[in-house]
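*Asks:*
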Amino acid sequence: MKPLLKTLSLVLMSMVLASSAWSAPVDVYGVKFDEQVEMRGSNLLLNGAGTRFKGPFKVYAAGLYLGKKVSTPDEVVALPGPKRLSITMLRGIDAAELGKLLTRGMEDNMGKAAMAPLIPGLIRLGQMFADHKNLVAGDSFTVEWIPGTGTVLTVKGKVQGEPFKEPEFFKALMWIWMGPVPADWKLKDQLLGLK
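Numbering (the UniProt record's numbering), first residue to last: 1 to 195.
#1: Less than 6 Å between C-beta atoms, sequence neighbours within five positions excluded: which residues of the same chain meet that for Lys171?
#2: Is the distance from the Cβ of Thr151 to the Cβ of Phe164 below 8 Å?
#3: Roughly how many angstroms separate the alpha carbons of Phe141 and Met128, rounded to a whole number?
#4: Asp108 lies in the alpha helix (DSSP H); which residues open and close that run?
#5: Give the C-beta separation of Leu135 and Ile93 to the nearest angstrom, bearing in mind that I take them to be a contact with Cβ-Cβ under 8 Å.
#6: On the three-state DSSP scale, how would you describe residue 200?
#7: Round the Cβ separation of Ala137 and Met106 to the nearest angstrom and send it over; I've been treating them as touching at under 8 Å.
#8: Should Lys186 and Trp177 be called a contact, given that it needs their Cβ atoms to be closer than 8 Å?
#9: Would a C-beta distance cut-off of 8 Å place Asn47 and Gly179 closer than the cut-off?
#10: What does a CB cutoff of less than 6 Å around Gln160 pick up in its chain, not counting 5 residues either side in sequence?
#11: Contact check, Thr103 vs Leu122 under 8 Å by CB: the rounded distance?
#12: Where do the N-terminal and C-terminal ends of the alpha helix (DSSP H) with Glu168 fall, by residue?
#13: Give me the Cβ distance between Pro82 and Pro147, rounded to the nearest whole Å; I'm assuming they're in contact under 8 Å.
#14: By the DSSP assignment, the alpha helix (DSSP H) with residue 214 in it spans what residues?
#15: Would you mind stating whether Ala183 and Lys133 have Cβ atoms separated by less than 8 Å?
#16: In this structure, what does DSSP give as the bridge partners for Arg84?
#17: From the DSSP secondary-structure annotation, give me the bridge partner or partners of Glu38.
#18: My assumption, with CB atoms under 8 Å, is that Gly30 sits in contact with Gln190. Please give the rounded CB distance.
#19: Excluding five sequence neighbours on each side, which residues of the same chain lie with their C-beta closer than 7 Å to the C-beta of Val181?
#20: Rounded to the nearest angstrom, what separates Asp131 and Leu101 at their Cα positions?
#21: What is the DSSP secondary structure of Lys195, reduced to helix, strand or coil?
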C-alpha cells in the first residue's frame, strides 16, 4: 500500500508543478505578462508577447490577450469578445511622438481612403498621448476592445476620455502591430504566437 501512496503523491506533485509552470508569467526583458487575465468578467489568454525594437534599441514589451489563441491578424479582429493589447515601455519616449508614430502605423496599414472616417479618432488619439508629455521605462498603456462599448485606451493606469466606438478604429490600431506593414515583423509573429 505504501508504494501506491508514494506513487500517487509523486503524480499529484508533478501535476501541481506542471500547472504552476503553465501559469507562470512570461518575462519579456523584465516585464511580466500573466498567462491569463480577467477583463470585464471574461478570462483572456496571453496569445503572445514580445519586444518592439528600433534598430538595436528595445522600445517596449507588448502582450496580446484574447478569449482563445489565434495565429492570424484576421482572427484577432474577427474573434468575438473582449481583447487587450498591453504595452510597457522599456525606454523613455516623447509621448506626442509616440502618438504620431501610432497614427503613421495606422495609415501605413489601412490606406488613406480607409483612414478618412477615422480622422476624428486619430486626432483624439494624438492628443491623448501629447497630454502625457513623456513615457518613461516602466510606464504602460493598454488598448482594449470591449463589446458594446468600443476601444478603450488606458495610459499609466488612467482611462483616456471616451471610448472610440467604431470597430474599424480597433482594427486600425491592431494593424499597427499585425497589419501588412507592422511596426516590427518579429513582434508581429510573437504577438500571434508564431515565435
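We put the CB at the ideal spot given by N, CA and C, even for glycine.
*Replies:* If we stick to the structure as given:
#1: Hits under 6 Å: Val77.
#2: Less than 8 Å divides the Cβ of Thr151 from the Cβ of Phe164.
#3: Going from the Cα of Phe141 to the Cα of Met128 covers about 11 Å.
#4: It spans 95-110 - the alpha helix (DSSP H) in which Asp108 sits, taken as one unbroken run.
#5: Cβ atoms of Leu135 and Ile93 come within 8 Å of each other, at about 5 Å.
#6: The chain is shown from 1 up to 195; residue 200 falls before or after that span and cannot be answered.
#7: The beta-carbon separation of Ala137 and Met106, rounded to 25 Å, does not stay under the 8 Å limit for a contact.
#8: Against a cut-off of 8 Å, the Cβ pair of Trp177 and Lys186 comes out as no contact.
#9: No; because the gap between Cβ atoms is not below 8 Å, this pair is not in contact.
#10: Taking C-beta separations shorter than 6 Å and ignoring five residues to either side along the sequence, the partners of Gln160 in its chain run Met128, Leu153, following chain order.
#11: Going by Cβ atoms, the distance from Thr103 to Leu122 rounds to 5 Å, so yes, they are a contact pair.
#12: Note, Glu168: alpha helix (DSSP H), 167-178.
#13: The beta carbons of Pro82 and Pro147 sit about 7 Å from each other, so the pair counts as a contact at 8 Å.
#14: In the structure displayed, the chain extends from 1 to 195; residue 214 sits before or after that span and is not available.
#15: No. Outside cutoff.
#16: The secondary-structure analysis by DSSP pairs Arg84 across a beta bridge with Tyr65, Glu144.
#17: As a beta-bridge residue in DSSP terms, Glu38 pairs with Asn43.
#18: Contact between Gly30 and Gln190 does not hold, since the beta-carbon distance rounds to 16 Å and is not under 8 Å.
#19: Hits under 7 Å: Asp108, Asn109.
#20: Distance between the alpha carbons of Asp131 and Leu101: 15 Å.
#21: Under the three-state reduction of DSSP, Lys195 is assigned to coil, being neither helix nor strand.
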